[in-house]
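Undergrad: Dumping the structure here so I can ask a few things about it.
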Amino acid sequence: MRIRAVRLDELPLLQDIERAAGQCFRDIGMPEIADDEPLPLGELARYHHAGLAWVAADDTDADEPAAYLIADRVDGNLHVEQVSVHPRSARRGVGRLLLEHLAGHAAGEGAPALTLTTFTRVPWNAPYYARCGFRLMDEARLTPGLRRIRELEAAHGLDRWPRACMRRAL
25 MRIRAVRLDE
35 LPLLQDIERA
45 AGQCFRDIGM
55 PEIADDEPLP
65 LGELARYHHA
75 GLAWVAADDT
85 DADEPAAYLI
95 ADRVDGNLHV
105 EQVSVHPRSA
115 RRGVGRLLLE
125 HLAGHAAGEG
135 APALTLTTFT
145 RVPWNAPYYA
155 RCGFRLMDEA
165 RLTPGLRRIR
175 ELEAAHGLDR
185 WPRACMRRAL
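Under this note's numbering, the first residue of the sequence shown is numbered 25, with each subsequent residue one higher.
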């Protein structure tokens, strides 16, 4: 796998990857997450234009994306908005490759940390990110931008399951 910037013509593939990756939530009693629609193409294009969208693509001539990551700049850090790995490429370190790429990009920009929000009791969420160097943040340490993200998530119904912010110092 190699990490590269997403191309505009691949944005529909990102939606397909997210839909496929989300199906595993159905198996753990979170069908609402599995059924949640991916970001619209216009939103994905915004990440592309900002230079904050990458794919992990196979090394074959097809160069087909197997996973993607999009990020935002939040309170001086880079915030993982979404990372999704197609199930056929899961458990091969692809998500970690994308996170490491983002860490390098963030360090190059002078960002002190990566942040994200995640489900705390889903094995491939908070426990996985902890293995990737992220640490849970208590409420008192949340920045204004992270508080706003959590408010938007709550309004979208994601607080039906325990969620938290995590941070990885660079």
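Note that beta-carbon positions come from the ideal geometry of N, C-alpha and C, so glycine has one too.
Are the stretch 89-99 and the stretch 108-119 touching, with three or more C-beta to C-beta distances below 8 Å?
TA: The stretch 89-99, when compared against the stretch 108-119, does touch it at the 8 Å Cβ threshold.
Undergrad: Out of Ala164, His125 and Leu170, which has the shortest C-alpha to C-alpha gap to Glu80?
TA: The question names Glu, yet the displayed sequence has Ala at residue 80. The candidate whose alpha carbon is nearest that of Ala80 is His125.
Undergrad: Distance, Cα to Cα, Leu37 vs Ala179?
TA: Distance between the alpha carbons of Leu37 and Ala179: 27 Å.
Undergrad: How many Å lie between Asp162 and Arg187 at the Cα?
TA: Cα-Cα distance, rounded: 11 Å.
Undergrad: Buried or exposed: Thr144, going by 16 or more other Cβ atoms within 10 Å of its Cβ?
TA: By the neighbour-count rule (16 or more Cβ atoms within 10 Å), Thr144 is not buried but exposed.
Undergrad: Go through its chain and collect everything with a Cβ distance to Gly169's Cβ below 7 Å, but skip five positions before and after it.
TA: If we look at Gly169 and ignore the five residues flanking it on each side, its Cβ neighbours are Val98 and Asp99.
Undergrad: Cβ of Ala74 versus every heavy atom of the ligand PLP: is any distance shorter than 8 Å?
TA: Looking for the ligand PLP in the displayed structure turns up nothing, as the structure carries no ligands at all.
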